[in-house]
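What follows is a set of notes on a single structure, which appears directly below.
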Amino acid sequence: MGIRAITRLAIAAGLLAVVFASGPAAAEELAYDDDGWVETVEPGEGTAAGELAEIRLRLRNEQYGKALRAARAFVRDHPSDPQVAEAMFLAGEAELRRRRWWAAYGWFEKVIERAAAGELYERALRREAVIGEAFLA
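For the sequence shown, the positions run 39 to 175 when the working numbering is used.
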C-alpha cells in the first residue's frame with residue numbers, strides 16, 4: 039500500500055469520525071421513547087448538565103455563535119466542574135463548524151490538556167486531525 043493510499047484512508051477515517059462522533063457526549067443522558075432517542079436532561083440554566091444540554095441543542099440547530107458563547111460562559115462560570123472539558127469540546131466543535139480552524143484547534147488543545155484520557159481526549163485528537171487535513175487541503 040502506497041503513501042497516497044494510506045493518506046486517503048486516514049482522511050476518510052477522520053471524516054467518518056466527525057460524522058459518527060458528533061452526537062451527545064454522554065450516553066446516560068439519552069432515553070428511548072416512541073419517537074426515538076431523546077435527551078433526559080432538559081436544556082436550561084440552573085445545572086451544569088442542563089447548560090451543556092442547551093449548548094448541544096444549539097449545535098444541533100446550527101446556532102454555532104450562540105453555542106460558542108454559551109460554552110465560553112460555562113467554562114468561565116464553572117472552571118472546576120468535571121464537565122468543563124466537554125464544554126470546551128463543544129466550543130471547539132462550534133468553531134470547527136464555522137470553519138474557524140485555528141480557534142477550534144485551540145479549544146481541542148485545552149480539552150487534551152484537561153482530559154488526559156478517555157473519550158473526550160480521543161475525540162479531540164480526531165478533530166485536530168480533521169483540522170490538520172483542512173490546513174493541508
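Backbone N, C-alpha and C define an ideal beta-carbon position, used for all residues, glycine too. All values reported here derive from a predicted model rather than from experimental measurement.
Integer-rounded CB distance, given that residue j should sit under 8 Å from residue i
i      : j      : result
Ala167 : Tyr159 : The Cβ separation is near 13 Å, so there is no contact.
Ala142 : Leu134 : 4 Å
Arg98  : Phe127 : No, Arg98 and Phe127 are not in contact; Cβ-Cβ is about 15 Å, not under 8 Å.
Arg165 : Gly130 : 6 Å
Pick from the options that is closest to residue i, judged by C-alpha positions
i      : options                        : result
Leu163 : Phe173, Lys148, Glu133, Arg136 : Lys148
Asp115 : Gly170, Thr85, Glu131, Arg161  : Thr85
Ala132 : Pro120, Gly144, Tyr102, Ala155 : Tyr102
Whole-angstrom distance between residue j and residue i, CA atom to CA atom
i      : j      : result
Phe146 : Glu100 : 19 Å
Glu157 : Ile150 : 11 Å
Arg94  : Gly170 : 24 Å
Ala123 : Ala172 : 24 Å
Arg138 : Arg110 : 16 Å
Phe20  : Arg136 : The structure shown does not extend to residue 20, since the chain is modelled only from 39 through 175, so no value can be given for it.
Glu89  : Ala155 : 24 Å
Ser118 : Arg96  : 23 Å
Ala91  : Ala105 : 10 Å
Pro120 : Ala87  : 11 Å
Ala175 : Gly144 : 19 Å
*In chain order, which alpha helix (DSSP H) runs of at least 4 residues are fully inside the segment 80-133?*
86-98, 102-115
*Tell me the start and end of each unbroken alpha helix (DSSP H) in the segment 132-175 that is at least 4 residues and wholly inside, in chain order.*
Runs found: 139-152, 157-174.
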